[in-house]
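Trainee: Numbering (the numbering used here), first residue to last: 13 to 139.
Backbone N, C-alpha and C define an ideal beta-carbon position, used for all residues, glycine too.
Quick caveat: nothing in here was measured; it's all calculated off a predicted structure.
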């Protein structure tokens, strides 16, 4: 069984801000043959997770406490117009804007049409 800490809906904001090393379950889906050791022999699941690592004792002969996969992010264009942060200049074309890695939407008027995307961590849902 793979153990990764999960946030419960009742956790206070203070705890969320303090405990920033929580892992999404997908970051612990590491092929046992490629696991990088993340703790000393005999480490418990709790000690391992508190160190920001993953713990799985299902496969013998490989590290049970191991480093998680790196965080991966995807770009998401903000739906809220008021959240747009300008990434271009007046008259920028969609092609030039998108070549900069930004989002382009030519409406509504009087707001940035070329704007920075939000970076959202992938791996919150395993595929």
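If you compare alpha carbons, which of 53, 96, 45, 133 is closest to residue 124?
Mentor: The residue with the shortest Cα to Cα distance from residue 124 is 96.
Trainee: Residue 63 and residue 40: beta carbons closer than 9 Å?
Mentor: No; because the gap between Cβ atoms is not below 9 Å, this pair is not in contact.
Trainee: Among 118, 111, 44, which residue has its Cα nearest to the Cα of residue 103?
Mentor: Closest option to residue 103, Cα to Cα, is 118.
Trainee: Alpha carbon to alpha carbon, how far is residue 85 from residue 53?
Mentor: Residue 85 and residue 53: Cα-Cα distance of roughly 33 Å.
Trainee: Thinking residue 129 and residue 109 are a contact (beta carbons under 8 Å), I'd like their distance in whole angstroms, please.
Mentor: 11 Å between Cβ atoms; not a contact.
Trainee: So for residue 45, helix, strand or coil by DSSP?
Mentor: Three-state DSSP puts residue 45 in a helix.
Trainee: Using a threshold of 9 Å, state whether the C-beta atoms of residue 44 and residue 74 are closer than that.
Mentor: The answer is yes: Cβ separation under 9 Å.
Trainee: Any beta-carbon of chain D closer than 9 Å to the one on residue 49?
Mentor: Here there is only one protein chain, and chain D is not present.
Trainee: Identify whether residue 65 lies in helix, strand or coil by the three-state DSSP scheme.
Mentor: Residue 65: coil per DSSP, three-state reduction.
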